[in-house]
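Below: the structure, in structure tokens.
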Amino acid sequence: MKITILIKVVLILFLMLALLAPFTFLKPTVVDITIDEPLTKVITSKAKKAPIEKVIEKPLHEVKLPDFGAILDIQTKKKKFFDFIKPAVIKQNKKLLETRAKLNTWLEHVSLELPLSEQEHQELKRLVKKYRVNKNASTLSQLNALLLRVDIIPMPLVLVQAANESAWGTSRFSRIGLNFFGIWCYQEGCGMVPNSRNTGASHEVAAFQSLDEAVTRYFDNINSHNAYRVFRTIRFELRSQEQELNPEVLATGLLPYSERGVDYVIDITKMLRQNAPFLREEEKDDLPAELLEG
109 MKITILIKVV
119 LILFLMLALL
129 APFTFLKPTV
139 VDITIDEPLT
149 KVITSKAKKA
159 PIEKVIEKPL
169 HEVKLPDFGA
179 ILDIQTKKKK
189 FFDFIKPAVI
199 KQNKKLLETR
209 AKLNTWLEHV
219 SLELPLSEQE
229 HQELKRLVKK
239 YRVNKNASTL
249 SQLNALLLRV
259 DIIPMPLVLV
269 QAANESAWGT
279 SRFSRIGLNF
289 FGIWCYQEGC
299 GMVPNSRNTG
309 ASHEVAAFQS
319 LDEAVTRYFD
329 NINSHNAYRV
339 FRTIRFELRS
349 QEQELNPEVL
359 ATGLLPYSER
369 GVDYVIDITK
379 MLRQNAPFLR
389 EEEKDDLPAE
399 LLEG
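Each residue of the sequence shown is one higher than the one before, starting from 109 at the first, in our numbering.
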């Protein structure tokens with residue numbers, strides 16, 4: 109009996125050894141991981157970007173401009189900006205009123221069938237060309253057409269447009285090219301290429317050598333370009349009714365000045381109202397009353 113139990117135990121042990129043998133007596137496979145070249149460390153961090161060099165664009169003029177961007181006080185900045193633009197506007201408006209007075213005198217002479225002198229004819233011819241009046245029209249028609257064009261633009265409106273277009277004198281175009289009015293030109297090299305210019309576009313933003321030149325171009329643009337016929341008509345009607353040349357009323361004729369259209373006019377109107385205290389101050393030393401009557 110004991111022998112039988114012993115035999116059973118031995119058989120069970122033998123069977124267990126037989127089952128475990130493949131796992132206990134097999135040698136593991138040796139994997140050779142030796143390599144001839146050193147491992148390269150993988151860098152997962154982002155590569156450092158090369159520092160971007162800031163290109164300083166040189167001015168295309170020799171005018172010493174106030175550093176409007178460095179003026180932190182808003183009220184001071186506005187006054188300094190308006191004071192900077194104002195003299196050129198006064199000069200241009202004075203010239204226009206003097207020319208306008210001359211045109212009115214010529215109109216009286218022609219209406220009375222009095223001849224113009226040769227010098228007056230030559231000057232009239234020059235004005236007809238400058239203001240894009242029909243050169244084949246009668247002298248009387250030319251004079252009436254010129255009186256629609258040769259007139260002032262109220263100081264507040266000019267100052268506010270300059271502030272809007274130049275970001276109070278801090279824009280690239282005002283600093284580099286004295287362009288305070290966003291005026292374009294269309295000949296290669298005539299000005300500054302906008303950074304955001306669309307592919308295929310050829311316009312540039314005009315560059316000027318003096319503030320007087322920039323202001324004169326602005327006035328010539330408003331007073332002669334077909335886009336501003338409505339502006340000139342509004343101004344003429346106000347004159348005819350002996351009313352003040354109200355800047356807000358005239359601003360409604362500036363829809364074509366910006367691609368923003370109505371929104372642009374609304375912005376200009378808001379700026380006229382918001383800056384009224386400054387603008388009233390600027391008008392104090394404006395044109396003499398006797399000139400404004402023309």
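Every residue, glycine too, gets a C-beta built ideally from N, C-alpha and C.
Spanning the alpha carbons of residue 276 and residue 322 requires a straight line of approximately 15 Å. Just so you know, the alpha carbons of residue 274 and residue 289 end up roughly 7 Å apart. Around the CB of residue 318, fewer than 16 other CB atoms lie within 10 Å, so the residue is classed as exposed.
According to the DSSP assignment, residue 216 belongs to the alpha helix (DSSP H) that extends over 182 to 219.
DSSP places residue 270 inside the alpha helix (DSSP H), whose first and last residues are 263 to 274.
If you draw a 10 Å sphere on the C-beta of residue 371, you find fewer than 16 other C-beta atoms in it, and that means exposed. Look at the beta carbons and you see the stretch 340 to 353 touching the stretch 242 to 261: at least three pairs across the two are nearer than 8 Å. One thing to note: residue 294 has its Cβ within 9 Å of the Cβ of residue 312.
Taking a 10 Å sphere around the C-beta of residue 309, we find fewer than 16 other C-beta atoms and assign the residue as exposed. Between the beta-carbon of residue 218 and that of residue 248 there is about 5 Å, and that keeps the pair under the 8 Å contact cut. Beta bridge pairing from DSSP links residue 312 with 293. Residue state for residue 177 is assigned as helix, using DSSP reduced to three classes. Taking every protein chain shown into account, the CB of residue 349 has fewer than 16 other CB atoms within 10 angstroms, so this residue is exposed. Distances from the alpha-carbon of residue 305 to those of 292, 315 and 316 put 292 closest. The Cβ-Cβ distance between residue 354 and residue 271 does not fall below 9 Å. Between residue 211 and residue 364, the alpha-carbon positions lie close to 28 Å from each other.
Looking at the DSSP output, residue 299 shares a beta bridge with 314. DSSP places residue 258 in the coil class of the three-state scheme, outside both helix and strand.
Looking at 265, 244, 378 and 330, the one whose alpha-carbon comes closest to that of residue 190 is 265. By the neighbour-count criterion, in which a residue is buried when 16 or more other Cβ atoms sit within 10 angstroms of its Cβ, residue 241 is buried.
Residue 352: not part of any alpha helix (DSSP H); DSSP gives it neither H nor E. By the neighbour-count definition (other C-beta atoms within 10 Å, threshold 16), residue 185 is a buried residue. Straight across, the Cα-Cα distance linking residue 324 with residue 283 is about 18 Å. Pairing residue 220 with residue 255 gives a Cβ-Cβ distance that is not under 9 Å.
Taking every protein chain shown into account, the CB of residue 368 has fewer than 16 other CB atoms within 10 angstroms, so this residue is exposed.
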